[in-house]
Amino acid sequence: MRFYEYESKELFRRHGLPLGRGRVATSGAEAHEIAAEIGGPVVLKSQVLSGGRMKAGAVQFAETPDECPALFDAIMPIEVSGQTARSVLVEEKSPVAQEYFVSVTWDGRRKLPVLLFSDMGGIDIEEVAEKHPDHVSKTHFSTLLPLSPRIAKEAIAATGVGGSTLNRLTPIVFELMQIFLSYDLTLAEINPLARLEDGRFIVLDGHVDLEAEARGQHEALLAELGIGADETRQAREPTEFEIAGRKVNQVDHRGVAGNVVEFDGNLGLVIGAGGGSLTLFDAVRNHGGKPANYCEIGGNPSVGKVCELTKLILAKPGVSKIAVMMNVVSNTRVDIVARGVVKGCIESGKDPSEVISIFRIPGAWEEEGFKILERYGVEYCDRSVSMYEAAGRAVAKLGA
Amino acid sequence: MAGLFIDIVVSDAVQSDAALAKKLEDVCPVNIFRASDVGVAIDESNLDECVLCDLCTEAAPGGGVRIVKLYEA
């Protein structure tokens, strides 16, 4: 769940990170008032939940307060990646000597948080990593062992930063690491972190993403930041298909058949299990397939829940086949999922053997599940067929 | 509506046993059984949710309750 820049900065402010003077304006007159309070050149920044503001013209500079109302009116209607501004952040314009990049995020492969630091901030970090790898450090750290400023210091020093700059940067970077862990964030980023001409450091732009599942643990913070319980903060509003998917998951308490996301392809996916959804979705695409949806099933959902999910996907215009694929399951039962998808096909008026391109769910109760699939003539495979290969078979069947 | 995959057969001998009906209602994790005025009642809408735990067959020994896997028929 993404925070607006002004919300990220409020979080940073609470933790003592250095910020420029300024606040959010919701009218041209307010922008003028804030600029007058600051008493010098200011920057006006559109508050949207996406990057690319500068390129879109949604960041403007004003030398005097009198310029602000017109700039406010110009910025507000600008669409940035399909989003219009909620408000405009008016901040003092700072004389920058050098820009840095600091980010803490999750490394899914290592299952650890990772600190990324560069002394070449303000630009695309991937470009820096490619062209100037010696200017980017990547440091994993534990969520269990005590966090130490030494980790931050070594990460900064690895890019060649030393002396007083290193000493001044260390507490800022260390604090960002602590913020990341304290609030169950999936991303805490400062880019750029600026060293001003007078040697001070200041956060020019910040970006925070909260793990959506952790919202309940941080209700107080969200309320204090003015983030409503109904604000999903997704890149777009949920589609009718996705809303229906949520309802399917609410059918009963057993297991999960949810996180349905709509795509415009023709292969319906009933997928899941320990990261299996992401892997299988990518595998389908790698084989040239076009998924009609993403979803996650697991935790042994009921037959009814799987049945309703199957019906929902099969009812999606353009979907002619579904692929039912998971990683090896342990608590989810193969036979229960098999019953659900077969029942979903039949209740949709379709022949399971025609509609299910592949059933690849090995694991608990698979022998019982395979009996059901054989009874209905559905092609299935066990764990000797990789998820990648199963995805390929599903895509091939669609073209057959 | 009968189940697509599972059927439950309750023998005439135990059909009207009120105590057994209550026990079956208690043990079934997916609410297939109900204790009714006439004894053991089956909620057919839940038949396919049967997890084959056999708690019902153990509660009614001697074949009083049988689980039929229709996909094996």
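Line order of the protein sequences matches chains A and B.
The opening residue of the first sequence carries number 1 in my numbering; numbering runs sequentially from there.
The opening residue of the second sequence carries number 1001 in my numbering; numbering runs sequentially from there.
Ideal Cβ placement from N, Cα and C applies to all residues, glycine included.
If you're wondering where the values come from, they're calculated on a predicted model, not measured in any experiment.
query: If distances are taken between C-alpha atoms only, which option among 181(A), 83(A) and 32(A) comes closest to residue 237(A)?; result: 83(A)
query: Are there three or more Cβ pairs, one per stretch, closer than 8 Å when the stretch 83-92 of chain A is compared with the stretch 44-57 of chain A?; result: yes
query: Please list, in chain order, the chain B residues whose beta carbon lies closer than 7 Å to that of residue 371(A).; result: 1071 and 1072
query: What residues in the stretch 1037-1055 of chain B have a beta carbon less than 8 Å from any beta carbon of chain A?; result: 1048, 1049, 1051 and 1052
query: For residue 129(A), which residues in the same chain have their Cβ closer than 7 Å to its Cβ, ignoring the five residues on either side in sequence?; result: 136
query: Applying the criterion that 16 or more other CB atoms from any shown protein chain within 10 Å of the CB defines a buried residue, is residue 146(A) buried or exposed?; result: exposed
query: Give a yes or no on whether the C-beta atoms belonging to residue 257(A) and residue 296(A) are separated by under 9 Å.; result: yes
query: Rounded to a whole number of angstroms, what is the C-alpha to C-alpha distance between residue 26(A) and residue 253(A)?; result: 43 Å
query: Enumerate in chain order the residues of its own chain whose CB-to-CB distance from residue 193(A) is below 8 Å, with the five nearest sequence positions on each side excluded.; result: 99, 100, 101, 102, 121, 169, 172, 201, 202, 203 and 204
query: Tell me the DSSP bridge mates of residue 321(A)?; result: 267(A)
query: Buried or exposed, going by whether 16 or more other CB atoms sit within 10 Å of the CB of residue 239(A)?; result: exposed
query: If we define contact as Cβ-Cβ less than 9 Å, is residue 20(A) a contact residue for chain B?; result: no
query: For the stretch 295-312 of chain A, list every residue whose C-beta sits within 7 Å of some C-beta in chain B, in sequence order.; result: 302, 303 and 304
query: Comparing C-alpha positions only, which one of 266(A), 261(A) and 265(A) sits nearest to residue 278(A)?; result: 261(A)
query: Roughly how many angstroms separate the alpha carbons of residue 1038(B) and residue 1018(B), rounded to a whole number?; result: 8 Å
query: Just to confirm before moving on: does the CB-CB distance between residue 292(A) and residue 387(A) stay below 9 Å?; result: no
query: Nearest to residue 57(A) by alpha carbon, out of 76(A), 66(A) and 64(A)?; result: 76(A)
query: Identify the continuous alpha helix (DSSP H) that holds residue 152(A) and give its terminal residues.; result: 149-157
query: Could you give the distance in angstroms between the alpha-carbon of residue 228(A) and the alpha-carbon of residue 69(A)?; result: 28 Å
query: Please report the residue range of the alpha helix (DSSP H) in which residue 1069(B) lies.; result: Here residue 1069(B) belongs to no alpha helix (DSSP H); instead the beta strand (DSSP E) covers 1065-1069.
query: For residue 159(A), which residues of its own chain have a beta-carbon under 8 Å away from its beta-carbon, when the five flanking residues on both sides are left out?; result: 117, 118, 119, 134, 135, 136 and 137
query: Is it true that the CB of residue 218(A) sits closer than 9 Å to the CB of residue 189(A)?; result: no
query: Counting beta carbon pairs with one atom in the stretch 9-24 of chain A and one in the stretch 59-67 of chain A, are three or more of them shorter than 8 Å?; result: no
query: Helix, strand or coil for residue 399(A), going by three-state DSSP, please let me know.; result: helix
query: Can you find the residues in the same chain that come closer than 6 Å, C-beta to C-beta, to residue 393(A), ignoring five residues on each side of it along the sequence?; result: 358
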